[in-house]
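A.B. asks: Got a structure for you, written out below as structure tokens; questions coming shortly.
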Amino acid sequence: MAGARIGVRLGAGQARAALVGGGDIRHARCHSGDDRVLARMLRGLAQGTPVRSVTWDVSAELDPASAGSPVASVRVMPRPPARGLGSGHPSPLLPALVRRQADVVGGHDLFGVELATLDIYEVFRTAAAAQAEGIGALALTATGAVGCPHHELTAAELVREAFPRLRVSLSHQVGGLGLLDREAATVINAALLSRAEQVVERCVQISGRLGASTSAWFVAGDGGRISAERLRLLPVLGLSATGAAALTGAARLAGVDDAVVGLAGADGLSVGHVRDGLPNVATDRPGPGGVRMAVPQASLTPMRGSYAATASAFALLAEHDQHTAVIAVAGADPDGDARDQAATDRARTAAARLPSTSVLVEPPAELAAIGAAGTEPSAWLDTVLYAETSEVLARKQAAAEQRALTLVAESGARLGSERVVSSRALSLSFLRSGSYRLVVRAGGRAEDDA
Amino acid sequence: MKRAGRPSEQLTVDELVRYGPLGHAEMLVGENLARPVSRVALISDLDQVRHCGPGTAVVLSRGLALGAWAVESALRLAWERSAACLVSPAVVGLDQATAQLARRMRLPVFVVTGDTAACALDLAAAIASPEAARARLAARCAELFAERSNARGIVGVINSEVPGVTAALVAPDGHVLAGQASVDRAEHRVQVDVPGPDGRRWAELVAATAGPSSPTWAETVLLILRLARGPLAASVARERLEAVHGAERGRAALRALFAPPDPGPAAQAEPAGRDRGDEGRAVLEEALGWRVDGRHVAVFLRSGTPLDTAATGPGVISAWQEVIDDLPLVPWETGWASWWTGEEIEVEQVASALRRHLARMRSPIPLSAGVGRVAEGPEGLRESLSQAMLAAGVTVRDGPGTVRSFDELGFRVLLASLSQPELVGSARMVLADLLSAPDGPVLVATLAALLDCANSTSQAAARLGVHRNTVLGRLERIRARGVDPDRPDQRLALHLACYALLPEVS
Amino acid sequence: MTGRSITVEDVPALLAGAEFFSTSAAGEGIEFAGFWLEDILARTGPVELVTADELDPDTPCAAVGAMGSTVAMAELPPSGEEPLALARSLGGRFGAPLGAIMPLNAASVNALHPVAAAAVLGLPLIDCDGMGRVFPLIHQTTYELAGLSLSPLAVVSAGNDSLLLDTGSARAEQIARSIAQAAGGWLLCGMYRTRVGLLREAAIHGSMSRTLEVGRLLREHASDGATAQALAGDPPWPEVASWPPHARPGDGESSRRGTAPHEHLLRDLMAATGATVLGGGRVVELGPSTRQAGTVYPGNPTSMVVHDHDSGRLIRLEAHNELVLALADGALTAAVPDLLCLLDRGTLRMTGPERLTVGDQVDALCVPAAPVWHSVHGLGLGGPGAFGFPLRHPRQEGR
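This is the structure:
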């Protein structure tokens, strides 16, 4: 078994790990509180086999409700909301995280035209007040930043120079189109910065004890994997990673690249799709606390009901899907190493309703940990462009695809393994004809892939 | 509008594709091309399709290049009106779904990149005067006939270029020389005689049409057949000439191959050079493509009557080549030689193949054949050929079409080869009484057959094709003339005498 | 419907109904407007929803609606002050303040803007609209058909650029469209300033109620159905442990046996809206979207094909901002002004070409437009011809 990969899921005080390599899968479990215990478990799992990478699913460690620190949020718009009308967020999570909210004049339109000059004095005043109140992080969200991040970058530079201790999250690095959703993501991101710092540091250290050649990675909510540096900067990307990892793991164990996957838990069945080895993603999924974040997350549709009910519903979905149907046991016994019995029963009931071409996966270890071990670099872009002709569109689209491929390469993809998974130019309704929203997804094979 | 003629007077979609204005259009869907086209409608408003009659070629103007939906709408309306085909300008998004729909409706769809109005005009011109269009077809065929060098190619032109027509070149005995065998059984056909090099009828060029043809269309097809006649006759003559030339070269080469190496000064002068055998081999293998090395079985074809092989040769050779075009046939002594080559080749296999081929061969003279033994290399080939010749000497007596092998005949081949002049003289004297009978030759042949069959009258009767009583009667007359085939001490002499006389009496 | 009001609790249903009547293409990403409206109503209190008959016929009123891109609006949300600028412009021009608000169209994000405007201005909202669906141009209204004057057109941008345009309907449309492009991608408009008494003939009555009703239906199915998801606000796996209080474990079986959840929803939608199902099945083709030069219409036309599962027919849907035509095997079966909608079988939500990929399962519905749209003038303003499709509406076939 030369060059194995380990996946670890941290959550509920437990660490569940899976080692994948050479067609063999081993599993281990321990309490996650003690670094030495964790390191010992990983070494025991490796049994002397060289481990190329450890990929961590830390989404449970990054719960913004419990792990978030208060932030100051700056929204840059040409005209601040009058009397605060319509600026509130329906989720109690955000008001809980935002200690100070400020509206600053500035911003660009979708195509990068400046709508108002940035009020740098207001930025400065807000940052000063935040620092004085002991707030550690600032979330900066400018309208139009996805097309032109100029105002966010200017504001960030100003804040870093004047208040070096204040950490800044910029919305254009965090999410896609949609100011409110992106602002929510930026706030959550800023709130998680210090927690992410600790978690990442710890995971990198523990991984390092397996040897100098073992690298540490983190599962992202879109089912790809990101580097420690990127998670430190953008912890929001590491949220809701468990479902994505489980989808990836289920498809891997079933031996298919494209599948409709049912993840059976004790309480229900979650349905997702895997294409080209990567989970289908959406940006309009509710994230932590029901907050939508304009950040790509694996699409999982929960179905509840009796075993028979979820089985018949999934059978119906599978019947209409052209890809292989995969049912996987996703729940693990909370206190032991065994698979959750209820989840297993649910999965078997569902599998019994499916045609013989479908696959039942009863994983020899925690599914999300297996999935984490197998994650590969990926990248995602969401932007707007204007193209007079289809030639210009093709050129601009190719440029955006190139940018996505570069991001993949930066996430540790083996050179030449980068590929565009999907690339769609969608005509924007009710804008000048020739306006497109471009959504690009790219993936690659990790450097440590055996 | 042109008065609607009988449907078959009209050009079909296929014709318009083959030699009409649709030839340059991209065929998105090629279903149901045999439909006749009665008129053309250039459509600038979808509603106009509703007024098109059956058989219309519906051409969408550029103004309707609005999207796949417009083409599909027109397609649907055209289908409802039983249109013959739809011609569309190039449209963004015209795709598999549109093609799928057209295929389900069995409506041909063409996409024109240029101006569809120009295409509509061309279509209208072609449809208004099918004769002009058909004349163009005939001209095109004539042009292609000239480019083809053999009968197969010429008949092929008709089959590929003339829509709805299948053609074949058929020998007087019904044997299909080239083209589609099904033509012979077709209900609606047109035909012309094709003369051979001697000017006499050699074959018939037959064309079958898909349905009852209109007079004009039948005329067009007939015109095309006539146009093919000249090139066909020329190609036959050319093929024969080539065959004879090739055969002559083959004979020379074979002779060289079989010749013993020159022991004389020439060999010394060219110690490392090729001797005549090598030269012959080179001609056979390289120029004629025949195989000299390997495992052979030689065959020999001959006629019962002595004849001038130079005169009948071309006919025999071309008849052979019509049946088997990949095996040599070389004029050789009193007949023609050939051989099968192959790792697995067996005598029986060759004999039965040859039997089959002889039955099909349209030879100008009746032929019988002998088959030699299996042999290796050029030396073996010569031996096998000698055996085949001996065997053929026997089969020629058994009647045309007979094929027997050297092994099968055994020592009888020896007897058959004994027609030396002295022997013939002695035989005449020995059997003088028998020969002087009014039916002397018949009695000699009967006696030979009886001796061949170990005096079994029934076998001899079968061999001769007469009733056993006839043989018994003849045996009585033979005995009456003092010849007793039962006397052991006379049997061999009698047998020899019969064989010596047989070539004369048969 | 005396004494009805629209409260914070009604917003999710309003949003779902707004998506339904947006004829699929225009409904993308308007959830942000739901949060926005909830926040406004939470601060201002409910909006009074009245019928035109309940008001004094002399009450001055005007239609409120946004023009431009919902994607742009999501990126540059309204400040909440826009209705004030509109009311100032129109009130100043006529010398009398507005007494009521009516929706330009009770669909897509424009089902929410008039509610917000009424809330911010403290005015009643008339239960009617001028489209009964989404049309791309602000003068494609029954108000226009009835002879009400669109202009003066008051527009205001999210940057508070404000303008009062005095010109003809089509000109106002064109000029405002270029302002929208330059001012951040969308504008809030106040137009058809009139008196309530004139709405009797000019408006489609009960539109807001209908939107709410259909929205409630969609939400019930989305949360009841086996694939309940985002609309209910449930977080995805693995935090799905808790049952939603209204879900009864296992009881879905009996009602679902043999039929898919989408079939129940379709049946209910047909009953509620008079819709017909054109067909349903796999999306087999999503056409290229190419810019069209020289048109008054924004956006790009595009096309998609659904393979009808039951009949094997190919249903081609032509979209230009919204769904415009449906052809089954080349035969025109439905067209504007009737509404064409796509239901995603997987999520039980309305969807559109922009959110679909080849292989998705959808059902295509056709909801008949208000009768006035089927008149000669109605079809002239909002029929296939108005969208550049030289086709007769299926209803004209007999004429």
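Residue numbers (the working numbering), protein chains in the order written: chain U, 1 to 450; chain A, 451 to 956; chain F, 957 to 1355.
Cβ atoms here follow ideal geometry from the backbone N, Cα and C, with glycine treated the same way.
None of these values were measured; they are calculated from a predicted model.
(1) Would the segment 293–307 of chain U and the segment 98–109 of chain U be scored as touching if the rule is three or more Cβ pairs under 8 Å?
(2) Quick check on this structure: which residue in V329/U, S306/U and S358/U has the alpha carbon closest to the alpha carbon of H323/U?
(3) Here's the rule I'm using: 16 or more other beta-carbon atoms within 10 Å means buried, otherwise exposed. How should H474/A be labelled?
(4) What is the rounded straight-line gap between the Cα of L573/A and the Cα of G564/A?
(5) What are the start and end residues of the beta strand (DSSP E) that includes M77/U?
(6) What are the residues that DSSP puts in a beta bridge with F750/A?
(7) Between the segment 1113–1136 of chain F and chain U, which residues of the former have a C-beta closer than 7 Å to a C-beta of the latter?
(8) Using a C-beta to C-beta distance shorter than 7 Å, which residues of chain U count as neighbours of T1167/F?
(9) Less than 8 Å between C-beta atoms, sequence neighbours within five positions excluded: which residues of the same chain meet that for E401/U?
(10) Assuming contact is defined by CB atoms lying nearer than 7 Å, are V562/A and V537/A in contact in what I supplied?
(11) Tell whether a beta-carbon distance below 7 Å holds between N1135/F and D1085/F.
(12) Figure out for me which residue from A678/A, L881/A and D889/A has the closest Cα to the Cα of Y949/A.
(13) Determine the burial state of H31/U: buried for a count of at least 16 other Cβ atoms within 10 Å of its Cβ, exposed for fewer.
(14) List the residues of chain A whose Cβ lies closer than 7 Å to the Cβ of G1286/F, in chain order.
(15) Tell me, please, which residues DSSP counts as bridged to V620/A.
(16) How close, in whole Å, do the beta carbons of L210/U and A46/U come, if the pair is a contact with beta carbons under 8 Å?
(17) Does the contact criterion of 3 or more C-beta pairs under 8 Å hold for the segment 580–598 of chain A versus the segment 513–525 of chain A?
(18) Using only the alpha-carbon positions, how far apart do L1347/F and G290/U sit?
(19) Kindly indicate the opening and closing residues of the beta strand (DSSP E) around S390/U.
(20) Using CA coordinates, which residue listed in L525/A, G470/A, P486/A and V487/A is at the minimum distance from L478/A?
(21) Under a Cβ-count criterion, where at least 16 other Cβ atoms within 10 Å of its own Cβ denotes burial, should S610/A be classed as buried or exposed?
(22) Measuring CB atoms only, is the segment 904–921 of chain A touching the segment 984–994 of chain F, in the sense that at least three cross pairs come out at less than 8 Å?
(23) Using 10 angstroms around the beta-carbon of Y1099/F, count the other beta-carbons present and answer buried if the total reaches 16, otherwise exposed.
(24) Can you tell me where the beta strand (DSSP E) holding P1257/F begins and where it ends?
(25) If I measure Cβ to Cβ from R43/U and keep anything under 8 Å in the same chain, skipping five residues before and after, which residues do I get?
(26) Below 9 Å on C-beta distance, what does H320/U contact in chain F?
(27) Output the boundary residues of the beta strand (DSSP E) element that contains L1281/F.
(28) Would the segment 894–901 of chain A and the segment 915–928 of chain A be scored as touching if the rule is three or more Cβ pairs under 8 Å?
(29) Looking at V1112/F and A1022/F, is the spacing between their C-beta atoms short of 7 Å?
(30) Leaving out five residues before and five after A719/A in sequence, what residues of the same chain have Cβ atoms less than 8 Å from its Cβ?
(31) Does any residue of chain F have a CB that is nearer than 7 Å to the CB of R441/U?
(32) When the Cα atoms are used, what is the spatial distance from S356/U to A350/U?
(33) Does the beta-carbon distance from S961/F to P1013/F come in below 7 Å?
(34) Could you check if G1235/F is buried or exposed, using at least 16 other CB atoms within 10 Å of its CB as the buried criterion?
(35) For L1347/F, which residues in chain A fall below 8 Å Cβ to Cβ?
(36) Kindly list the residues whose CB is nearer than 8 Å to the CB of V894/A, restricted to its own chain and excluding five residues on each side of it in sequence; keep chain order.
C.D. replies: In brief:
(1) no
(2) S358/U
(3) exposed
(4) 14 Å
(5) V71 to M77
(6) A787/A and G820/A
(7) A1114, G1115 and N1116
(8) The premise fails here: T1167/F is roughly 19 Å from chain U at the closest Cβ pair, so nothing lies under 7 Å.
(9) V420, S423, V440 and A442
(10) yes
(11) According to the sequence as given, residue 1135/F is Ile; it is not Asn. No.
(12) L881/A
(13) exposed
(14) E522, S523, L525, R526 and L551
(15) V626/A and E654/A
(16) 6 Å
(17) no
(18) 46 Å
(19) Premise fails: S390/U lies in the alpha helix (DSSP H), S390 to E410, not in any beta strand (DSSP E).
(20) L525/A
(21) exposed
(22) no
(23) buried
(24) P1257 to D1264
(25) R209 and L210
(26) A1216, G1237, R1238, H1265, R1301, G1302 and Q1317
(27) E1278 to A1284
(28) yes
(29) no
(30) Summary for A719/A: the model assigns pLDDT 43, below 50, so the residue's position carries little reliability, and this model does not support an answer.
(31) no
(32) 12 Å
(33) no
(34) buried
(35) L496 and S523
(36) L881, L884, L885, C948, L951, L952 and V955
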